[in-house]
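Residue numbers (the working numbering): 1367 to 2316.
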């Protein structure tokens, strides 16, 4: 059942009380008496505010024994429903597990529930902490519950309720599968409480929950408890985005639309640079316009919000470095948002929370600059910060002692940090591949932080004016509530062996067919089938229209297609041959060669720093990373250091000149790049690039093409007066036939997709002796204890004894390659790795990965489908080795060139996998298990140990 509640709280109750007859009042009194005897009545007494209709509806469904899916806006209080499940569990003498997607949320919820029910009744289980795990209420990350289900943990006994907070995380392409695994594998006796942000396909998700979990009530609330007002800040003026139209319809503010039109017609700086003359009147109009409209600076925005009483505010900036820069700009501008008393409170709390950090680490961590910002009421919040620092910022913000936070979008993912206002600097962000517009779902998630329930009368979302901004586009973002839930579920090697061990292959396959991913795929097939039927009707009409009275025009059209395909094939072969010649030429390049890059973004003169040869041809240099042809690292005359791809060299390239590269050259140093680029221009700037002559086309001498042309001219239809008209219909027929075949393949591909992927994984695991039919071998049982993206690689390394004989620090370096993923593009120098046995072991890991990659290709298991083993990344190996070996924080962070928060997070992930390896190591390899535990001890110290949140 879908309940759409968009009315304000209290509206339903006030309507019911109007004009009741004595009989109706008596019935209402009896109903109230019955309600007083329910668990919900005693639960409501625990709060000093009334519950909203959607909260009451959800709690009543839970008390009636149904599962619930609650989809409501951020800050609307949907966690009340989760807390009612906790209340019911305690009343019924059952257990309740409260799961969250991130450790920060788990810690926060643990604190909340401990305050309400007492520390003795509440436990915490994350990758870092295990507190009172046998308590009736246990807060945990979703991965912990998944691992419990596969291990058949005794902790599951007596479990009555599971709350899945932020269940919309199942759309996450990296971790989303865990949510579906839990939902599918939870015992049928467990009542599931799913709490989600407002999603546009809640009904579809609810239908699936109803299928796999039984009777599930779906409650959707669109009502925001604190109304949100949208603004655009341009220059000194704060424009409302909407104006109220007739019937409360929202229309874009005409003043804002007028501003956008005026800005669009104003010549840009580049236009004027190109010599476009401007009349004096135009210049005067532009000067007046410029005086009114500009993008305000960050300190200016905060001052404006402060003057209008709109602080505290969160400003979302989609860059960590920009968040830090924003704080520095505010400090340089002399902003002070706290009075003296508040400064003292901030200092006292900060000193208390950071007392365990060694004094020598404080300077390395930028403590004093961070503290100065906090004392003034200004802070950054992003994943690169030390977790302890982030926790302090969150606590001070909730207390009102930090009034301006500059944050990346990760802050929008569940942490309880509501503000009066939210500011968005831009509506574009880097998505890992390109700069893309934020989606309506992302906009809703970010602006959902504005408006604190019980504190603010209204919330405010402020978007900063940018040249080229389209108010209609912004209104579309603000007015759309499209945030569809899309499954990211894919079987993994670890999942396969765990399922087969518990249920056997046949039952496991059936279980996977019940996933939300398959549910969505099956529903999409219906529409495709209808399209195929329409296409088949169209094909019959096209076939009739291309009929020729002189002969078989379908045969004639086939000859034309074959001729065209042959010509295209020969052109493609020619391009392949040219690229092969270009690759051979690239393999001959040496450091110091001056070349001319023929095409691409970096076309022009360049100096080769590293030939970037594939493994096996590089004499040990960068042999770990490349396996797809030469990819030279070059310095351009524009002072950029970039790793080029084969597509940048469609023709062979020859060295124009040779240059010596100074030993002191550092590609990360702007000065080094500037000096060497200047020397490059001086040395070779005068040399013209070579022009490659075009070859004779292969089609001119091809016998097959000659044969097809002869056959065409001899065909009866060639002489038809309507030949080209028939040919157009034949082309449409062929195109529609091809489209129909593709649709039929899509239908075939979407039916049983998850099960087919599972079958391929099982076949590969059988080939490698992890499975024998329904039996899980010893190797398979080891794999079942290894969770992570490179689970099979880790298992193979254990199997082949790759890590035997390594010291704890060397083992930490090797294990880091299983978890670390660089944020940088592949245009940097080869990562530094420890020498000796560690380097040999890392090389062996890459060799094993290569073997697995080839095997996955053979069994058609692809990473593009979200399955398979990515290449191990060696970028954190040196930092892990140094830290586990006892080096100081200052030295490690300087060498790693990494923010403290990232360093801590990667260390904790390495610790997690080391713990798994210690548990999974073969019995005969006691030294490996012992060294894994020693490596954990070596990593879990100092800045890593005193960071309670990962």
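Using N, Cα and C, we set each Cβ at its ideal position, and we do this for glycine too.
In this text the structure is predicted, and so the values were computed from the model without any measurement.
Could you spell out where the beta strand (DSSP E) holding residue i opens and where it closes?
i	result
residue 2283	Per DSSP, residue 2283 belongs to no beta strand (DSSP E); it is in the alpha helix (DSSP H), 2266-2286.
residue 1596	1594-1600
residue 1773	1770-1773
residue 1679	1679-1682
residue 2242	Neither: residue 2242 is in no beta strand (DSSP E) and is coded neither H nor E.
residue 1514	Not the beta strand (DSSP E): residue 1514 falls in the alpha helix (DSSP H), residues 1508-1517.
Do the CB positions of residue i and residue j come within less than 7 Å of each other?
i	j	result
residue 1783	residue 1760	yes
residue 2248	residue 2233	no
residue 1565	residue 1831	no
residue 1434	residue 1472	no
residue 2150	residue 1942	no
residue 1659	residue 1838	no
residue 1789	residue 1803	no
residue 1587	residue 1450	no
residue 2081	residue 1968	no
residue 2305	residue 2283	no
residue 1850	residue 1567	yes
residue 1932	residue 2070	yes
residue 2172	residue 2203	yes
Residue i and residue j look like a contact to me (Cβ under 8 Å); what is the Cβ gap, rounded to whole Å?
i	j	result
residue 1898	residue 1964	That belief does not hold up - the Cβ atoms of residue 1898 and residue 1964 are roughly 45 Å apart, past 8 Å.
residue 1457	residue 1405	6 Å
residue 2268	residue 2188	Actually they are not in contact, since the Cβ atoms of residue 2268 and residue 2188 sit about 11 Å apart, beyond 8 Å.
residue 1736	residue 1755	6 Å
residue 1525	residue 1461	5 Å
residue 1355	residue 1561	Residue 1355 lies beyond the range of the chain shown here (1367 to 2316); nothing can be said about it.
residue 1879	residue 2121	5 Å
residue 2164	residue 2288	7 Å
Kindly indicate which residue of the options has the alpha-carbon position closest to the one of residue i.
i	options	result
residue 1823	2091, 1591 and 2273	1591
residue 1853	1413, 1448, 1903 and 1533	1533
residue 1594	1695, 1458, 1717 and 1819	1819
residue 2012	1944, 1705 and 1730	1944
residue 1772	1717, 1681 and 1804	1681
residue 1360	2161, 1528 and 1880	Residue numbering for the chain in the displayed model covers 1367 to 2316; residue 1360 lies beyond these limits and cannot be assessed.
residue 1541	1675, 2217, 1755 and 1467	1467
residue 1463	1967, 2274 and 1558	1558
residue 2099	2270, 1920, 1412 and 1520	1920
residue 1767	1877, 1737, 1704 and 1731	1704
residue 1536	2050, 2008 and 1509	1509
residue 2178	2245, 2156, 2142 and 2209	2245
residue 1975	1489, 1947 and 2046	2046
residue 1825	1674, 1969, 2288 and 2049	1674
residue 2049	2003, 2010, 1734 and 2136	2003
residue 2279	1575, 1936, 2154 and 2200	2154
Between residue i and residue j, what straight-line distance do the alpha-carbon atoms span, to the nearest angstrom?
i	j	result
residue 1958	residue 1530	58 Å
residue 1815	residue 1787	8 Å
residue 1326	residue 1751	The structure shown does not extend to residue 1326, since the chain is modelled only from 1367 to 2316, so the question has no answer here.
residue 1443	residue 2183	41 Å
residue 2147	residue 2014	47 Å
residue 1577	residue 1585	17 Å
residue 1424	residue 1683	36 Å
residue 1988	residue 2226	Its pLDDT being 38, under 50, residue 1988 is placed unreliably by the model, and the measurement read from it follows with that caveat. Residue 1988 and residue 2226: Cα-Cα distance of roughly 28 Å.
residue 2298	residue 2030	38 Å
residue 2312	residue 1730	15 Å
residue 1916	residue 1836	58 Å
residue 1501	residue 1390	46 Å
residue 2185	residue 2211	13 Å
residue 1491	residue 1661	46 Å
residue 2022	residue 2044	17 Å
residue 1828	residue 1998	45 Å
residue 1859	residue 2158	7 Å
residue 1546	residue 2309	35 Å
Considering residue i, what are the terminal residues of the alpha helix (DSSP H) in which it resides?
i	result
residue 1756	1753-1764
residue 1735	1733-1741
residue 2256	2255-2262
residue 2030	Run containing residue 2030: none; DSSP gives neither H nor E here.
residue 2225	Taken as a continuous stretch (DSSP letters only), residue 2225 belongs to no alpha helix (DSSP H), as it is neither H nor E.
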